[in-house]
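Worksheet for the structure shown next.
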Amino acid sequence: MVDIKEAVPVSHVDTKKTNHSAVTEESLVSEDSISPASKSLSQKLSLIFAGIALGSDGYQTMIIGAVESCLERIYGSSVFNDTLSTRVSNAMLIGDIVGQVGFGLMIDRMGRKVGIILCTLVVCLGIILATASSGVTPLGLFWMLIIARGITGVGVGGEYPCSSVNASEAAEESGRSRGFWLCISGCFIIDFGFLVATIVPVILLAICGEGGLEVVWRLGLGLGLLLPISVLYFRLKMLNSDMYRREAITRNIPYWLIIKKYWKRLLITGSIWFLYDFVSYSFGIFSNTILSLAGVDNSLMQTWCWNIVLYVFYPFGAFIGAFLVDPIGRKWTMASGFFITTVLGIIIGALAPKLVTVFPLFVILYGLFLAAGEMGPGDCTILISAEMYPTAIRGTMYGLSAAIGKAGAAIGTQVFKPILNALVERTGDDIKAQGYVFIIGACIAFLGGLLTLFFVPHMNDEKMQEQDIEFRGYLEANGYDVSQLGIVPVKDQPKATNKQ
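With this note's numbering applied, the sequence shown closes on residue 524, and no number is skipped along the way.
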């Protein structure tokens with residue numbers, strides 16, 4: 025058995041005092057000193073623990089729906105009103121944006137390992153503060169919860185570029201069926217975290233009863249601490265990927281050249297992620313509201329149990345998509361998911377008054393609506409946002425793309441209830457209003473499908489290394505000293521640069 029400690033190189037070089045040509049075996053452990061078995065183990069564990077961390081993030085994202093239901097029951101809708109509910113929901117999404125941009129920049133400059141460890145610590149701090157939220161008045165408690173969820177969001181947001189980019193590079197180096205394994209360790213695990221976040225509150229409610237809702241929401245948040253703590257030890261021992269060690273730009277980063285070449289791609293990946301998150305998060309976080317309006321009675325247990333049925337469709341959709349991304353490609357998988365979401369949204373919207381009379385059928389169609397989104401853009405936004413950029417700037421561009429996506433989630437959750445309430449007031453019918461909301465979601469998904477068809481390139485396993493070579497050539501052609509790329513000599517570096 026390989027000891028993971030053997031796989032750990034000296035982790036830092038003082039780039040302020042050491043130029044590229046001065047890097048030696050005394051200052052860094054070279055690739056030759058790391059055994060193939062150690063590297064292979066590190067790659068596999070990177071995928072596994074990236075998945076665990078992202079599953080924790082999925083849990084943190086969706087547990088807030090149950091927390092809000094508890095707070096509304098405890099304090100009443102006049103105290104915990106729609107405005108406060110939206111702020112609690114959005115706090116983590118705003119934190120996500122900060123974390124995705126900040127950690128995206130950090131991991132390109134300081135390394136994947138540094139960012140990943142800091143993410144874990146920030147997530148743990150946020151969860152502890154949220155669980156311990158208190159105040160002299162209920163409003164004080166709500167604001168502490170909002171701030172704590174924002175801190176959690178910074179760590180969770182950072183996990184997207186840190187874990188996904190690291191997993192992408194580990195899968196690239198390990199080779200086989202990389203798209204499938206990236207989807208499993210990414211979207212599928214996040215969605216599994218969504219599902220767990222619906223099961224845990226039901227178990228806690230069964231134990232505590234509706235008289236113990238304070239315990240339910242605090243334990244629901246606190247149990248989310250187990251997963252990030254469980255991955256911390258490995259993250260302290262992990263390796264940066266060969267791709268990063270070869271291609272990293274740790275100083276004198278040519279931001280203008282990067283933006284000049286890749287702004288169009290950023291616009292594409294960011295816009296598609298924005299549209300996907302707008303629909304996915306709105307219809308996910310507020311599923312309790314939708315199910316209540318559609319016919320579930322006032323029992324919290326019954327609403328939450330139906331929510332479990334609904335959320336089973338999330339990982340189901342991601343699992344189907346994982347099987348499609350390699351054989352038919354990212355582009356067609358993503359476009360198919362968007363267009364299936366469109367069709368299902370129109371069907372649910374048009375037939376809503378009839379569907380709610382057969383409530384299980386409504387839940388199944390609603391679940392398939394969510395599953396189609398996970399099968400297509402859910403799986404593929406993560407993939408294309410990592411694959412469409414070279415290694416040296418992958419963390420930064422992935423983080424920016426994900427941040428634009430989370431802006432869509434924040435805006436979607438901000439406007440969802442006001443739109444639904446306005447439609448209820450206008451139509452005088454809860455069910456018709458809900459149908460119109462699904463049609464709006466279908467239109468947004470259709471736009472995402474069109475953007476995918478016209479602007480997303482076909483990607484394959486060779487593209488990532490080709491982009492690294494192309495990026496080196498582009499920098500060199502624009503007068504940038506490419507000898508600054510990389511933090512350690514890697515065996516195949518001369519081979520890569522000679523292909524320019």
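C-beta atoms are modelled at their ideal positions from N, C-alpha and C, and glycine is treated no differently.
Have a look at the DSSP bridge pairing and note the partners of residue i.
i, result
"residue 332", "Answer is none; residue 332 lacks a bridge partner."
"residue 290", "According to DSSP, residue 290 bridges with nothing at all."
"residue 509", "273"
Using the C-alpha atoms, what's the distance from residue j back to residue i?
i, j, result
"residue 527", "residue 330", "This structure does not reach residue 527, given that the chain is present from 25 up to 524, and the question cannot be answered."
"residue 98", "residue 494", "58 Å"
"residue 509", "residue 370", "50 Å"
"residue 397", "residue 507", "43 Å"
"residue 250", "residue 273", "35 Å"
"residue 432", "residue 95", "25 Å"
"residue 381", "residue 337", "21 Å"
"residue 159", "residue 436", "29 Å"
"residue 429", "residue 348", "23 Å"
"residue 106", "residue 243", "23 Å"
"residue 231", "residue 257", "32 Å"
"residue 233", "residue 241", "12 Å"
"residue 340", "residue 212", "8 Å"
"residue 255", "residue 441", "36 Å"
"residue 483", "residue 422", "16 Å"
"residue 355", "residue 471", "15 Å"
"residue 326", "residue 275", "56 Å"
"residue 146", "residue 452", "45 Å"
"residue 161", "residue 464", "39 Å"
"residue 528", "residue 500", "Nothing about residue 528 can be reported from this structure: the residues present for the chain run from 25 to 524 only."
"residue 456", "residue 448", "8 Å"
"residue 141", "residue 150", "15 Å"
"residue 286", "residue 83", "33 Å"
"residue 128", "residue 419", "4 Å"
"residue 114", "residue 303", "15 Å"
"residue 283", "residue 201", "31 Å"
Excluding the 5 residues preceding and the 5 following residue i in the sequence, name in chain order all residues of the same chain whose CB lies nearer than 6 Å to its CB.
i, result
"residue 184", "124 and 426"
"residue 209", "71, 74, 75 and 191"
"residue 502", "281"
"residue 109", "92"
"residue 459", "373 and 376"
"residue 315", "327 and 330"
Let me confirm a value: residue i is counted as buried when at least 16 other C-beta atoms fall within 10 Å, else exposed. Which label applies?
i, result
"residue 401", "buried"
"residue 215", "buried"
"residue 324", "buried"
"residue 328", "buried"
"residue 434", "buried"
"residue 450", "exposed"
"residue 102", "exposed"
"residue 131", "buried"
"residue 92", "buried"
"residue 505", "exposed"
"residue 335", "buried"
"residue 515", "For residue 515, the predicted model reports a pLDDT of 47, less than 50, meaning its position is unreliable; a value from the coordinates is still stated below. Answer is exposed; the Cβ neighbour count stays below 16."
"residue 411", "buried"
"residue 245", "buried"
"residue 156", "exposed"
"residue 352", "exposed"
Give every residue of the same chain whose Cβ lies closer than 8 Å to the Cβ of residue i, excluding the five residues on either side of it in the sequence, and list them in chain order.
i, result
"residue 475", "292, 295, 296 and 299"
"residue 332", "219, 222, 223 and 226"
"residue 238", "94 and 98"
Do residue i and residue j have their C-beta atoms closer together than 8 Å?
i, j, result
"residue 407", "residue 78", "no"
"residue 362", "residue 446", "no"
"residue 308", "residue 393", "no"
"residue 86", "residue 174", "no"
"residue 496", "residue 413", "no"
"residue 169", "residue 112", "yes"
"residue 119", "residue 164", "no"
"residue 462", "residue 372", "yes"
"residue 148", "residue 252", "yes"
"residue 180", "residue 301", "no"
"residue 389", "residue 379", "yes"
"residue 186", "residue 235", "no"
Excluding the 5 residues preceding and the 5 following residue i in the sequence, name in chain order all residues of the same chain whose CB lies nearer than 7 Å to its CB.
i, result
"residue 572", "This structure does not reach residue 572, given that the chain is present from 25 up to 524, and the question cannot be answered."
"residue 305", "433, 436 and 437"
"residue 403", "207, 211, 342, 345, 346, 349 and 357"
"residue 387", "330, 333 and 334"
"residue 498", "285"
"residue 473", "359, 362, 363 and 366"
Spell out whether any CB of chain B is found under 8 Å from the CB atom of residue i.
i, result
"residue 137", "The displayed structure is made up of one protein chain only, and chain B is not part of it."
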